[in-house]
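Engineer:
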Amino acid sequence: MAKWDRLWINARLAAMRPGFWPYGAIQEGAIAVEGDRIAFAGVAAEIKDKPQEFAHEVIDAGGRWITPGLVDCHTHLVFGGDRADEFEKRLGGATYEEIARAGGGIRSTVAATRAASEHALVAAALPRLDRLLAEGVTTIEIKSGYGLTVDDELKQLRAARRLAQMRPVDVRTTLLGAHALPPEYEGRQADYVALVANELIPRAAKEKLADAVDAFCEKIAFTPAETETVFASAKKHGLPVKLHADQLSDLGGAALAAKYKALSADHLEFSSEEGIAAMAKAGTVAVLLPGAFYFLRETRQPPIAALRKHKVPIALASDVNPGSSPALSLLLMLNMACTLFRLTPEEALAGVTRAGAQALGLGQDRGVLAPGYRADFVLWNIERPADLAYWMGANPCHQVVKDGKIRT
Ligand code: DI6
Ligand code: FE
Numbered sequence: 096m097a098k099w100d101r102l103w104i105n106a107r108l109a110a111m112r113p114g115f116w117p118y119g120a121i122q123e124g125a126i127a128v129e130g131d132r133i134a135f136a137g138v139a140a141e142i143k144d145k146p147q148e149f150a151h152e153v154i155d156a157g158g159r160w161i162t163p164g165l166v167d168c169h170t171h172l173v174f175g176g177d178r179a180d181e182f183e184k185r186l187g188g189a190t191y192e193e194i195a196r197a198g199g200g201i202r203s204t205v206a207a208t209r210a211a212s213e214h215a216l217v218a219a220a221l222p223r224l225d226r227l228l229a230e231g232v233t234t235i236e237i238k239s240g241y242g243l244t245v246d247d248e249l250k251q252l253r254a255a256r257r258l259a260q261m262r263p264v265d266v267r268t269t270l271l272g273a274h275a276l277p278p279e280y281e282g283r284q285a286d287y288v289a290l291v292a293n294e295l296i297p298r299a300a301k302e303k304l305a306d307a308v309d310a311f312c313e314k315i316a317f318t319p320a321e322t323e324t325v326f327a328s329a330k331k332h333g334l335p336v337k338l339h340a341d342q343l344s345d346l347g348g349a350a351l352a353a354k355y356k357a358l359s360a361d362h363l364e365f366s367s368e369e370g371i372a373a374m375a376k377a378g379t380v381a382v383l384l385p386g387a388f389y390f391l392r393e394t395r396q397p398p399i400a401a402l403r404k405h406k407v408p409i410a411l412a413s414d415v416n417p418g419s420s421p422a423l424s425l426l427l428m429l430n431m432a433c434t435l436f437r438l439t440p441e442e443a444l445a446g447v448t449r450a451g452a453q454a455l456g457l458g459q460d461r462g463v464l465a466p467g468y469r470a471d472f473v474l475w476n477i478e479r480p481a482d483l484a485y486w487m488g489a490n491p492c493h494q495v496v497k498d499g500k501i502r503t
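For the sequence shown, the positions run 96 to 503 when the numbering used here is used.
(1) Which of the three DSSP states is assigned to Pro163 in this structure?
(2) Between Arg107 and Tyr468, which are expected to be in contact by the criterion C-beta below 8 Å, what is the C-beta distance as a whole number of angstroms?
(3) I'd like to confirm something about Pro397: is its beta-carbon nearer than 7 Å to some heavy atom of the ligand DI6, or not?
(4) If I follow the unbroken alpha helix (DSSP H) through His362, where does it start and stop?
(5) The alpha helix (DSSP H) that contains Lys404, what's its start and end?
(6) Indicate the three-state DSSP secondary structure (helix, strand or coil) for Gln459 in the structure shown.
(7) Please report the residue range of the beta strand (DSSP E) in which Arg469 lies.
(8) For Gly446 and Ala289, I'd like the C-alpha separation in whole angstroms.
(9) Flag this pair as yes or no: are the beta carbons of Ala310 and Phe317 separated by less than 8 Å?
(10) Hey, quick one: how far does the beta strand (DSSP E) through Asn105 stretch, first residue to last?
(11) Skipping 5 residues on each side, what residues in its chain have a beta carbon closer than 7 Å to that of Pro278?
(12) Could you tell me which whole alpha helix (DSSP H) segments of length 4 or greater appear in the segment 295 to 380?
(13) Does the structure place the segment 406 to 423 close enough to the segment 448 to 459 that three or more beta carbon pairs sit under 8 Å?
(14) Three or more C-beta pairs under 8 Å: does that hold for the segment 364 to 372 against the segment 346 to 354?
(15) Considering only heavy atoms of the ligand DI6, does any lie closer than 7 Å to the CB of His274?
(16) Here's the rule: buried if 16 or more other CB atoms are within 10 angstroms of the residue's CB, otherwise exposed. What is Arg392?
(17) Rounded C-beta distance between Gly231 and Val463? I'm assuming under 8 Å.
(18) Need the endpoints of the alpha helix (DSSP H) that Ala179 sits in, please.
(19) Looking at the strands, I want to know which residues DSSP matches up with Trp486.
(20) For Gly272, which residues of its own chain have a beta-carbon under 6 Å away from its beta-carbon, when the five flanking residues on both sides are left out?
(21) Relative to the C-alpha of Ala206, which residue among Gly175, Glu192, Ala219 is closest?
(22) From the DSSP output, read off the bridge partner residues of Ala134.
(23) On a Cα-Cα basis, can you pick out the residue from Phe365, Thr448, Lys143, Ala254 that is closest to Asp345?
(24) Is the segment 97 to 106 touching the segment 148 to 164, taking contact as three or more C-beta pairs under 8 Å?
(25) Let me check one thing: in DSSP terms, what residues is Lys530 bridge-paired to?
(26) Expressed to the nearest angstrom, what Euclidean distance is found between the alpha-carbon atoms of Gln517 and Thr379?
(27) Between Ala387 and Ser419, how many whole angstroms is the CB-CB distance? I'm expecting something under 8 Å.
(28) Mind checking whether the beta-carbon of Ile237 lies closer than 7 Å to any heavy atom of the ligand DI6?
(29) Can you tell me whether Thr324 is buried or exposed? The criterion is at least 16 other CB atoms within 10 Å of its CB, across all chains shown.
(30) Within the present structure, is the beta-carbon of Ile371 separated from the nearest heavy atom of the ligand DI6 by less than 7 Å?
(31) Would the C-beta of Gln284 count as close to the ligand DI6, meaning under 7 Å from any of its heavy atoms?
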């Protein structure tokens, strides 16, 4: 028999293939890789006595738990400046809307992002990325949405692509041109939507800078009709869509995302059960963002019971951004999802592995420990998988394997 490239023995395997969920399936396990794929994941029985006969390189996992590599499926990681001053103003009593009207809010990040070079954006994002990677993130989605001109949006996407060349991580980029109305389009919202649909999306598609298209469908952002214009263009250019839906009010965002077979609908605090049912039919993943819920002190919970009832996959993400979620820990999001939304630790783990991968259209490729899947996984210094959601601010990550190679 041909030997595997690398074999980890003395391992406990969590989050294996659907059907082998729940997570404590294998206590005396082994996992092997061949190239960038998992070649074996299961009971170690006959392997553990003579592991050298099975693989060129054998690693003793020391009884540690192994999970799939973490997937952070919703971030705005690339941006200029920060909004710490705005945080202080909000603590002093100012509202998000007042700050926005005074030229702050998203617009202040747009100004800082436009002023930054691609190189400066990469330099600013890199330490943030490193914080996430240190906790076992192996796949991250990064959105544009702070440039809001054709050139500045493409600059943000190029910066995101560049990050992928600098670190052992897969970056999926999402064009979020319809994030906010740029100041120079005040009173001409239709013209800006036309720019996104007719110029920005075609350019991003042609230059292969975007893997998906997103929009912010909200009273303070874009209407459902405008969102449809953006989505129609995305479809025409072969790009799947995602949606910031029903975060602050119910505009029917969940159903709209479903209508366009969106990969995911994100936030969802105000979504109706009909919207959730439509998502289930369309195969649209729910992405919950407890960091933004916490940081904006929101009170309306996403409809967890309806998501469970209709069996919509629930993903969790950091939503890293300077305004509503300056969160540089994906593990902390597991804790918040459990305490704030009452997810179980097992659901939370699925949210940053299997469901996170599904939310990026990568569910067939990664997010579970099973043969044929991408060999992205993490060894943890924990007693049980629920510890990942239990500790706050601990980083029990021991070793990360990306594409079958040990990340150093
Ligand atoms: N929803 C959010 O919470 C962020 N973007 C979005 O569409 C806010 C982004 C910001 O305040 O900079
Ligand atoms: Fe977001």
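For glycine and all other residues, C-beta sits at the position ideal for the given N, C-alpha and C. As the structure is a computational prediction, the values presented were derived from the model and not from experiment.
Structural biologist: To lay it out plainly:
(1) strand
(2) With 8 Å as the limit, Arg107 and Tyr468 do not qualify as a contact, their Cβ atoms being about 18 Å apart.
(3) no
(4) Careful: His362 lies outside any alpha helix (DSSP H), inside the beta strand (DSSP E) at 359 to 362.
(5) 399 to 404
(6) coil
(7) No beta strand (DSSP E) holds Arg469; DSSP gives it neither H nor E.
(8) 35 Å
(9) yes
(10) 99 to 108
(11) Arg202
(12) 296 to 301, 319 to 331, 348 to 354, 368 to 377
(13) yes
(14) yes
(15) yes
(16) exposed
(17) That pair is no contact at about 15 Å.
(18) 179 to 186
(19) None; Trp486 has no bridge partner.
(20) Glu248, Val291, Leu295
(21) Gly175
(22) Ala134 pairs with nothing; no bridge assigned.
(23) Phe365
(24) yes
(25) The chain is shown only over 96 to 503; residue 530 falls outside these bounds and no answer can be derived.
(26) Because residue 517 is not part of the residues shown, which for the chain are 96 to 503, the question remains open.
(27) 4 Å
(28) no
(29) buried
(30) no
(31) no
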